[in-house]
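Following: one structure in C-alpha cells, then a few remarks.
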Amino acid sequence: MDKQQLSRRAFLKLAAASSSGIALAGVGPLRNIAAAQDTVELTFGRHWEAAFRPRQAEYDEGFMERHPDIKISITYNTWTDHNNVVPAWAAAGTLPDIVYVHGSRATPWAHEGIIIDIHDLAVADDEFNVDGMWEESLRLYRVNGRIHALPYDHGPIILGYNADMFDAAGLDYPDENWTMEDMASAAAALTDANMGVYGWDGNFSLGNSANGFFLGAWGATNMNDDETAMTMDTPEAREALSHWYNLIHEEGVAPTAAEAEAFPNQNVFRAGAAAMGHLATWDTPSMRAQASFNWDVAPAPMGADGTRATTSFGSGYGITPTSDKPDAAWRYLREYLSVDGMIFMWSLSGRGSPARPEGLEAWLTSDPAPPNGQYFLEAMFEYATTGHPYSSLASAQVSQILDRESNLLKLGEASVDQVIATIMEEGNAALDAVADDM
Amino acid sequence: MFRRFLRPISPSARREERIFYLFILPWVIGLVVFNAGPVLGMLGLSFTDWRISLDNLSFIGLENYAKLFDDPVFWVSVGNTLYIVVGRVVFGTAFALLLAILLNQKVPGIPFFRAVYYLPTVTAGVAVALVWIWIFNPRLGILNYFLKQIGIQGPPWIYSSTWVKPSLILMSLFQVGPNMIILLAGLQGVPKELYESAEIDGAGNWAKFRNVTLPMLSPVLFFVIIISVVGSFQNFTEIRVMTQGGPGESSNVLIWYLWENSFVFLQLGVAAAVAWIMFVILMALTGLQFRLGRRWVFYEV
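Residue numbers (the working numbering), protein chains in the order written: chain A, -16 to 421; chain B, 12 to 312.
Here's what the structure looks like:
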C-alpha cells in the first residue's frame, strides 16, 4: 500500500484554508461551542397524557430559544404510576431536577426530602408574584408555612349535566337556586331503569378532590382543618352519606360501583348514561373529546339551609434536592408558572384552570370550557375550599381509607354507620400515628 | 489438612471441576448480588425507620414488626394471601393435572390444544388482567352472559368482597400452562410396562391412575406444588390491575400490602419487614411441604 505523505506545500495550503475558514465563520461558531459547553440539562418527571405533550413540547422549544443555555429532557410517567415512581427515584438517588407534584403529595414529599423548600426563591422574586396565585392552591404546597412546590392548576368541583337529557325530559337545567333535594328529584325524574339511564352517575367520593361537594351542603367535613382528627361522626355527615347512599341503593337513580364498571373508565356521566355528575375543570377536555351530547355545568347545589360548598384541588411542580442546577430549575418554573406561561399551557389549551386568577378569563374562551364555565370561577371566588387530606403525613393512608370506604358505600357492601365507624377508627389511628412527626 | 482423607483427583477431573465452577459462576454471582444480597440488606433495613433516604437511618429494633402485628389490615392480608394461595395451588394443580392427562391422549389435534392451553402463559400479565376485567364485568362480561343463558344470575365477581378471591382463583386456572407442561412431561415418563402389569392384574382406569400414575408422578407433583406456592405468594399484577386490594381489603394480599407500604405510604422499613415475613412464611411452608412430602412422594430407586 502506498504511503501518502503531506508535502510541505500541501500542508501550508491546508493550514491557510483552515485559517481563512475559521476567520470567515467569525466568532459565532466559537461562541456556540462555548455556549454548548455551558449548556445545562434540566430533567423533568412529568405525566401528561399523549394528547397534551405537543403543547408541552411547544412551550419547551420556546423556552430553550429564549434560554439557549438550558436543554430540557423529559421523562413521562403514566398518571397512575407517577406518584409511585417518584419515591422510587428518590430512594435510588435518580430524581430529575423538576417533578410534577400532585397537591396531595407535597407534604409527604417535602417531609421525605423529595422536593426542596423554594419559599425564598418564590417570595424574593417580585416579578414572579407568588401572591398572585390562589391562596387555596398555594395552601397545598405550604409545609410548616414554607412553600415547597408551586401550583400550575387549581379547580373546583361543581355540577355537570347532560343538557340533551334535560331537554328530552322537559326539565329546566340546574341553576344557582338548586338544592341537593332538587338534584335528587331531577335525578329520579331522569332515571329510566329499562333503558339503563340514570339521573346521577353515582360517582360518590369522600377523597380530597371531591368530599366538599358531597358533604359541604350539609355542613359536614371529612376531617378538621389542621388534619389532626376525622370529623365524620356528626349528624350532618351521617345525613349527607345517607342521602347519597339512598340515591344509589334505595331509589336506584344511580348505578352501584359494580354497575358503573360497564362504562369506559367507570365514567357513567361522560358515557352519556347519566344525566348528572360532578365535574372539575381538569375533566372538561375529556368531556369535550368524548361526550357525544350537549353538556354544561351549574353551581354545586345548596343544602336545605342554603349552604353551598365544594372542594377545590390541583397540582404543581417542585425542585428536587438532587438537582445540581436549582437556579436553572427556578428560571424554568418562574416562566412556566407565570401568568403568560399558565395562559399558554392551561388557559388557552383548556387543559385545566390555572392557579392564577389572571389566567381564568382566557380559560373561559378555550374550546373545552363549557358555556357556563363562569360557574367554575364563581366557585373558586366564592365557596370552594381546598379538599382534605393534604397536609398530614398520613394523607396517603387517610385517602386510601376514604376511597376504600366510599367504594364500599357505592357497592352497597357497607352501611352508612359502618363506613363512618371505620373512617373514624382507622382514620384517627393513622393520624395519631404521625402526630409526633408533624 | 483434609486433602489426605480425600480421594486423589486426577488432572482431568480437576480440569472438569474448574470448568464446572466457571460455568456456575455467573449464576452464583447473580444469586449473591441480585438475590441473597438484597434479601440480607432488607433484613437489616427492616430494623430501621427507613422511609426514602438511606441517610440518617435510625435503628429501631423490632418496632416495624410490632407495628405490623398491631395492624389489623396486615392480618387481613395474611388471611387473604393464604386463602388465595391454597385455592390457586389446590385447584390450579388439579386443573393442570387434568389438562396434562387429557393432552396426553393419542387423539388428533393434540399439539394444537397444547398450544392453546399454554397461550395465556406467554401473554403479558397486564393484558391478561385487562381481558379478565371484562370477562368479570357484572353487566357486560361474557361469564355472566353464559350464566344468564342457563338461567343463573351471575355474581358481581371482582366487585364483591365475597366473590373477589374466588374470582382471582378462577382466573388463575387459565394460567396453568407451565405446570401442565411439567406434568405432561412427567406423565410421558411413566413406564408403559407398569400400566400393562396393572392391566394384567385387572386394574381399571381409576385404579391405574391411583396406583400407577399418581405415585410415579408424585415427585413432579411435589415440584409443581412447591413452585405454585411460591408463585402464588408473588402474584402482584392481577391485584394491581384488577382490584387494588379491594373491595374494602378483601383482596389485599401480602405483596399488595408490601407495595402500598413502600410506594404509597413511603414506609420502606415497614415494607422490608413485610418482605421478610413473607420470606419466612414461604420458607416455613416449603419446609413443611418437604416434611409432608416424605409421606406421599414416591422416588424410584
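In this text, a Cβ means the ideal position worked out from N, Cα and C, and glycines have one as well.
#1: For ILE97 of chain A, which residues in chain B fall below 8 Å Cβ to Cβ?
#2: Within 10 angstroms of its Cβ, does LYS393 of chain A collect 16 or more other Cβ (buried), or is it exposed?
#3: Below 8 Å on C-beta distance, what does GLU242 of chain A contact in chain B?
#4: Name the DSSP beta bridge partners of ARG125 of chain B, please?
#5: If contact means a Cβ-Cβ distance below 7 Å, which residues of the region 151 to 170 of chain B contact chain A?
#6: Determine the closest residue to ALA105 of chain A out of A:ARG125, A:GLY86, A:GLY96 and A:MET363, with distance taken between C-alpha atoms.
#7: Which whole-angstrom value describes the C-beta separation of GLY280 of chain B and SER64 of chain B, a residue pair presumed to lie in contact below a C-beta threshold of 8 Å?
#8: Count the C-beta pairs between the region 347 to 360 of chain A and the region 45 to 63 of chain A that are closer than 8 Å, then say yes if the count reaches three, no if not.
#9: Determine the contact status of TYR156 of chain A and ALA281 of chain A, defining contact as a CB-CB distance below 8 Å.
#10: Spell out the partners DSSP gives VAL82 of chain A in its beta bridges.
#11: So what's TRP2 of chain B in DSSP terms, helix, strand or just coil?
#12: Counting only Cβ-Cβ distances shorter than 9 Å, please list the residues of the region 198 to 217 of chain B near chain A, keeping chain order.
#13: Considering Cα atoms alone, identify which of A:ASP150, A:ARG387, A:MET328 and A:ALA132 is closest to SER87 of chain A.
#14: Taking ARG221 of chain A and VAL68 of chain A to be in contact with their CB atoms under 8 Å, please state how far apart those CB atoms are, rounded to whole angstroms.
#15: Using the beta-carbon count (16 or more within 10 Å), is ARG29 of chain B buried or exposed?
#16: Between LEU391 of chain A and chain B, is any beta-carbon pair separated by less than 8 Å?
#17: Beta carbons nearer than 7 Å to chain A: which residues of the region 78 to 101 of chain B have them?
#18: Tell me, to the nearest whole angstrom, how far the beta carbon of ALA283 of chain A is from that of LEU142 of chain A; I am working on the premise that it is less than 8 Å.
#19: Using a 10 Å radius around the Cβ and a threshold of 16 neighbouring Cβ atoms, would you call MET289 of chain B buried or exposed?
#20: Below 8 Å, how does it come out for the region 144 to 154 of chain A and the region 251 to 266 of chain A: are there three or more Cβ pairs, yes or no?
#21: Please confirm whether LEU228 of chain B and GLY197 of chain B have their CB atoms less than 8 Å apart.
#22: From the DSSP output, in three-state form, read off GLY182 of chain A for me.
#23: Could you confirm whether any beta carbon from chain A is found closer than 8 Å to the beta carbon of VAL275 of chain B?
#24: Between ARG36 of chain A and chain B, is the shortest Cβ-Cβ distance under 8 Å, so that the two count as touching?
#25: What in chain A is Cβ-close to GLY304 of chain B, meaning under 7 Å?
#26: GLU210 of chain A versus chain B: which residues are under 9 Å apart at the beta carbon?
#27: 8 Å is my cut-off, CB to CB: does GLN380 of chain A come that close to chain B?
#28: Give the DSSP bridge partners of THR58 of chain A, in chain order.
#29: Please tell me whether VAL252 of chain B and VAL96 of chain B are closer than 8 Å, where the distance is taken between their beta carbons.
#30: Quick one: grab the DSSP three-state call for PRO337 of chain A.
#31: Counting only runs of 4+ residues fully inside the region 153 to 207 of chain A, write out the alpha helix (DSSP H) ranges in chain order.
#32: Whose Cβ in chain A lies nearer than 9 Å to the Cβ of LEU265 of chain B?
#33: Please report the straight-line C-alpha distance between TRP61 of chain B and LEU68 of chain B, rounded to a whole angstrom.
#34: Could you say if the region 366 to 378 of chain A and the region 185 to 195 of chain A meet the contact criterion of at least three C-beta pairs nearer than 8 Å?
#35: Could you check what DSSP says for PHE296 of chain A in three-state terms: helix, strand or coil?
#36: Given that LEU123 of chain A touches chain B, what residues does it touch there, using C-beta distances under 9 Å?
With the structure as the only source:
#1: ILE63
#2: buried
#3: PRO149 and ARG150
#4: Beta-bridge pairing links ARG125 of chain B to no other residue.
#5: LEU151, PRO167 and TYR170
#6: Checked all of A:ARG125, A:GLY86, A:GLY96 and A:MET363; the closest Cα to ALA105 of chain A is A:ARG125.
#7: Not really, about 12 Å apart at Cβ, beyond 8 Å.
#8: no
#9: yes
#10: A:GLY28 and A:GLY301
#11: The displayed coordinates of chain B run from 12 to 312. Any statement about residue 2 of chain B would go beyond what the structure contains.
#12: none
#13: A:ALA132
#14: Contact doesn't hold; Cβ gap of about 39 Å is too wide.
#15: In summary, ARG29 of chain B is exposed, with fewer than 16 beta-carbon neighbours lying within 10 Å of its beta-carbon over all protein chains present.
#16: yes
#17: none
#18: 6 Å
#19: buried
#20: yes
#21: Annotated as proximal: LEU228 of chain B and GLY197 of chain B, with beta-carbon spacing under 8 Å.
#22: strand
#23: Yes, its Cβ sits closer than 8 Å to a Cβ of chain A.
#24: no
#25: Here the premise fails: no neighbours, minimum Cβ distance about 39 Å.
#26: Neighbours of GLU210 of chain A on chain B: none; closest Cβ ~16 Å, over 9 Å.
#27: yes
#28: A:GLY28
#29: no
#30: Three-state DSSP puts PRO337 of chain A in a strand.
#31: If only complete runs of 4 or more residues are kept, the region 153 to 207 of chain A shows the alpha helix (DSSP H) at 163 to 173 and 194 to 198, in order along the chain.
#32: Near LEU265 of chain B there are no residues of chain A at all, since even the closest Cβ is about 17 Å away, more than 9 Å.
#33: Cα to Cα, TRP61 of chain B sits roughly 6 Å from LEU68 of chain B.
#34: yes
#35: strand
#36: Near LEU123 of chain A there are no residues of chain B at all, since even the closest Cβ is about 18 Å away, more than 9 Å.
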